[in-house]
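>
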Amino acid sequence: MKLRKDEVVWLLIFIAPAICLFFLFFILPILFLFVTSFTNWDGIGAEFVGLENYSKLLNKKSFIRAITNNLYWCVTAALITVPLALIVALLLAHRSRGWKVFRTVLFIPQVVSSAAIAMLWAAMFNAEYGLVNFLLEIIGFSDFEKYNWLGNVRTANAALIGFSLCYVGYFMVIMLAKTAGISDDYYDAANIDGATQFQKDVYITAPLIKSTFFLCIILAVIFNLRQFEYVYLMTAGGPANKTQVLVVYIWNELSVQRLGRGNAAGVIMICIGAALLLILRKLLKSETYN
Amino acid sequence: MIKSILKFFSVTFISISFTIISTVASAEITINWPSIWVGKDSKTTVIRELVDEFNAANAGAIKVVIEEQTDYDIYAQKLTAQISTGDLPDVFTVGADLLDILHRSGKAMDLAPHVGSDSHWNNVYPENALQSNMMEGQLTALPYELFVTPVTYNKKLLKAAGYDEFPTTYDEFFKMCEAVTATGKVCTSQMTGKNAWTSMLWFSQAVASAGGPNVYERGLDDPAWAQAFEVMEKMYMYTTSDAIGADAGVSGGHFLNERTAVFMNGPWFIARYTSDGIPGLHANIGVAPAPMLTGGKGAPGGYVGGRQSSLAAGKQSDPAKEEAVVKFLKWLTTPENVARLSYSSGAMFIVKADLPADMDRLFIEMNEQKGNAPYVAPTFLNGIASLPIAKEFPQALSALAIGDVTPEGAVEMLKDAE
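Chains as they are written, first to last, in this note's numbering: chain A, 4 to 293; chain B, 498 to 915.
Structure, rendered in structure tokens:
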């Protein structure tokens, strides 16, 4: 459809505020981030240092560890959290007795402050008085007496990511909402054909919410790429930088006034995010969720 | 008609009254103070009293408003950001690690002209205390709180382990830790969370013991650093299972609840032995200088300490507000008020104050030992004078504690952070 000239003018007038705000609060800061990433800006003064910030970052083990940990978070979200949310959504889509209670319970972590949840889990994982060790001891795992889950290299990441499964409820609700829009005709036809509930879930419901499932994967990857509060509050990237993630790394750089290097890390993070999205769009065939 | 006229005059009167009230109210100068001396801090009560008394004495003219900052680390990060943006609070406390950047920012109030304008600060500060704090002729912060960090130990727990005196060498110290462990208690409180404060103090003692009080001048290539990390490696063999990742609340909590026998912190913690410790804890506490490394360059009785926090103010464009801020800073630095703060909290201050004779026993012992100390070396955080290295310390320490790196490797981590 071709727009008339006056329609174009009105169109521009209406989208101008959004574009201005987008430019002011998104494009401009990214440009600023990019420019200052080539300087040794410390909040007071800045000198051009070329690619020094980037080369230093990419030669730092802790920074590479932060990137791999972030990818670990993203892969876990895409391969465990979202599929788990799909399974729960399919089960709750049956609208069995008490499904609303389950839906609410699973969604509760989403409405509670993540900082509060992180502190709660840090206390639960505490080696001296934590509930996790207490329960393990009760069921006979005495080896775990005073085991420091968040202070041990082997378990710190697993403990962090494990508790992030609490957030399965968010993706579950999105997919559950999509199932509500599926026409009953499909299920009636399947009933006539004698399909079991499992067959209906697998061959009707799941394919029809595929686009939402893919959307959830993309959201989960984005959320986990910018993971901050749980890591910062529960381990601060430790022990020995083993649980370090990009945003905590950037935060640390900024807090020691190495703003230029922190911004370089930010630019790298944006590039990784963009690359991940492009890969996901290719893998998930963008037309299915567009 | 009369009713309408009355209504009109009533409304006019009320409006004028409100205008006058708001004008008078706006004449009051408000000073914002994001204070870390709140909540569980031992100085909370007296600081609140001092602010209330100041506000009462200056009612209608000046009002100090405390913005509670309950997390020291978050406060430091917030202040760092404020220094960069130039949006400094009216009054604030600043750690030694941020003094340089505060000065370079040019956003802090220069207090040098006010020092010269009357005799208050020249009278209350020891000679050269202010001069040594000046940078390029400017005084951007008033030195305020001092500290020393001796070992505090639980005499009852040590006695149960067969020790009446605190060991003077690390060899003896670790033997003592074996004995304490055998009694079912844990020897030391340690932590790697946040800035690893308690462990950082132990590390500072060990570094000074190995390399002498001037070790910081020789840089991280000095073997003293690896020796100090060796001490810390052993120290973590005799600590609680939650030390890796623990914060100050956790590590302090173990000592307050008699789960650990030895703890290191500043004098500001003295009041908490009574307020938060188990009953009778304060009476059981002894104070001693940290042990020495055999063959180290440190001297027996050497202490670690330094400047804890300085008072500073944001640059003001309004001369009246600047005067108000200076007035409040003078109020905080009167000998009487400093003595009150010191008496209630156990904290030490650089301002000359006549302390009461019945000061806390632990405070007196710390003061005496400090007076007899051959040196007071800086803490690692202050001595190293590098925010990135200080930030990396907890990670290097935790890497060492979990066996991920050797003591030399931990030093390399610090070097790599710069």
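Built from N, CA and C at the ideal position, the CB exists for glycine as well.
Within the same chain, show all residues whose beta-carbon is closer than 7 Å to that of K59 (chain A), passing over the 5 residues directly before and after it, in chain order.
Within the same chain, K59 (chain A) has close Cβ partners R264.
> Taking Cβ positions only, does A679 (chain B) come closer than 8 Å to chain A?
Not one chain A Cβ lies under 8 Å of A679 (chain B).
> When DSSP labels each residue in this structure, what does K682 (chain B) get in the three-state scheme?
Coil, per DSSP.
> Which same chain residues, not among the five before or five after N651 (chain B), have their C-beta less than 7 Å away from its C-beta?
Answer for N651 (chain B): E755, A758, N781, I782, listed in chain order.
> Can you tell me whether N293 (chain A) is helix, strand or coil according to DSSP?
Here N293 (chain A) scores only 47 on pLDDT, less than 50, and its place in the model is too uncertain to base an answer on.
> Leaving out five residues on either side along the sequence, give the residues of the same chain with a beta carbon under 6 Å from the beta carbon of G269 (chain A).
Once the five neighbours on either side are set aside, the close Cβ partners of G269 (chain A) are L36, I253.
> With a threshold of 8 Å, are at least 3 pairs of Cβ atoms found where one atom belongs to the segment 549-565 of chain B and the other to the segment 722-736 of chain B?
Judged by Cβ distances under 8 Å, the segment 549-565 of chain B makes no contact with the segment 722-736 of chain B, as fewer than three pairs qualify.
> Determine the DSSP secondary structure at V648 (chain B), reduced to helix, strand or coil.
Reduced to three states, the DSSP call for V648 (chain B) is strand.
> Which residues in chain B sit within 9 Å of L94 (chain A), going by Cβ to Cβ distance?
Result: empty, since nearest Cβ-Cβ is about 36 Å, beyond 9 Å.
> What whole-angstrom Cβ distance do V171 (chain A) and W152 (chain A) have, given they're in contact under 8 Å?
20 Å between Cβ atoms; not a contact.
> For the segment 129-163 of chain A, which segments carrying the alpha helix (DSSP H) assignment without a break, of at least 4 residues, lie completely within its bounds, in sequence order?
You should have 134-141.
> What's the gap between the Cα of D857 (chain B) and the Cα of A844 (chain B)?
Spanning the two alpha carbons is a distance of roughly 11 Å.
> Would you kindly work out how many angstroms separate the C-alpha atoms of S899 (chain B) and K103 (chain A), rounded to a whole number?
Reading the sequence as shown, one finds Ile at residue 899 (chain B) and not Ser. C-alpha separation (whole angstroms): 46 Å.
> Could you name the residues of the segment 126-153 of chain A whose beta carbon sits closer than 7 Å to any beta carbon of chain B, in the order they occur along the chain?
Within the segment 126-153 of chain A, the qualifying residues are N129, A130, E131, K149, N151, L153.
> For I164 (chain A), return the contacting residues in chain B, with the cut-off set at a CB-CB distance below 9 Å.
Near I164 (chain A) there are no residues of chain B at all, since even the closest Cβ is about 16 Å away, more than 9 Å.
> With a cut-off of 8 Å, does the C-beta of T238 (chain A) fall near any C-beta of chain B?
Yes - at least one Cβ of chain B is within 8 Å of the one on T238 (chain A).
> Using a Cβ-Cβ cutoff of less than 6 Å, which residues in the same chain neighbour K867 (chain B) once the five nearest sequence positions on both sides are dropped?
These residues qualify, in order along the chain: V645, Y800.
> Counting only Cβ pairs nearer than 8 Å, list the residues of chain A close to Q892 (chain B).
Chain A residues near Q892 (chain B): S65, G240, G241, P242, A243, N244.
> Buried or exposed for N244 (chain A), please, with buried defined as at least 16 other CB atoms from any protein chain shown within 10 angstroms of its CB.
N244 (chain A) is buried by the Cβ-count criterion.
> Work out the CA separation of F110 (chain A) and N129 (chain A) for me, nearest whole Å.
Computed Cα separation, rounded: 25 Å.
> Of the choices B:T527, B:T830, B:M863, whose alpha-carbon is the least far from that of I847 (chain B)?
Of the listed residues, the one whose Cα sits closest to I847 (chain B) is B:T830.
> Assign W530 (chain B) to one of three DSSP states: helix, strand, or coil.
Here W530 (chain B) sits in strand by DSSP.
> Let me know if S946 (chain B) comes out buried or exposed under the rule of 16 or more other beta-carbons within 10 Å of its beta-carbon.
One cannot answer for residue 946 (chain B) here, as it falls past the ends of chain B, which runs 498 to 915.
> Does DSSP put E905 (chain B) in a helix, a strand or coil?
In this structure, E905 (chain B) counts as helix in the three-state DSSP scheme.
> Please compile the residues from chain A whose C-beta is within a distance smaller than 8 Å of the C-beta of A609 (chain B).
None at all; the shortest Cβ gap to chain A is about 20 Å.
> Looking at the structure shown, is K103 (chain A) part of a helix, part of a strand, or coil, going by DSSP?
Residue state, collapsed to three classes: helix.
> List the residues of chain A that P904 (chain B) touches, going by C-beta distances under 9 Å, in chain order.
None at all; the shortest Cβ gap to chain A is about 14 Å.
> Keeping to the same chain, check which residues put their C-beta closer than 6 Å to that of H600 (chain B); ignore five residues upstream and five downstream.
The residues are M632, T637.
> Check for me: the beta strand (DSSP E) holding K560 (chain B) runs from which residue to which?
Here the beta strand (DSSP E) through K560 (chain B) covers 559-565.
> Of all Cβ atoms in chain A, is any one closer than 8 Å to the Cβ of I881 (chain B)?
No, no contact with chain A.
> Report yes if the C-beta distance between V250 (chain A) and Q230 (chain A) is below 8 Å; otherwise report no.
Cβ distance < 8 Å, so V250 (chain A) and Q230 (chain A) count as in contact.
> Thinking C-beta only, is G241 (chain A) closer than 8 Å to P891 (chain B)?
A contact, by the Cβ cut-off of 8 Å.
> Against chain A, with Cβ distances strictly below 8 Å, would L884 (chain B) count as a contact?
So, interface residue.
> Let me know if Q91 (chain A) comes out buried or exposed under the rule of 16 or more other beta-carbons within 10 Å of its beta-carbon.
Reading the sequence as shown, one finds Val at residue 91 (chain A) and not Gln. Buried is the call here.
> What is the C-beta distance between A721 (chain B) and V704 (chain B), in whole angstroms, given that I count them as a contact (C-beta under 8 Å)?
Confirmed, Cβ separation roughly 6 Å.
> If the cut-off is 9 Å on Cβ atoms, which residues from the segment 522-547 of chain B count as contacting chain A, listed in chain order?
The residues in question: there are none.
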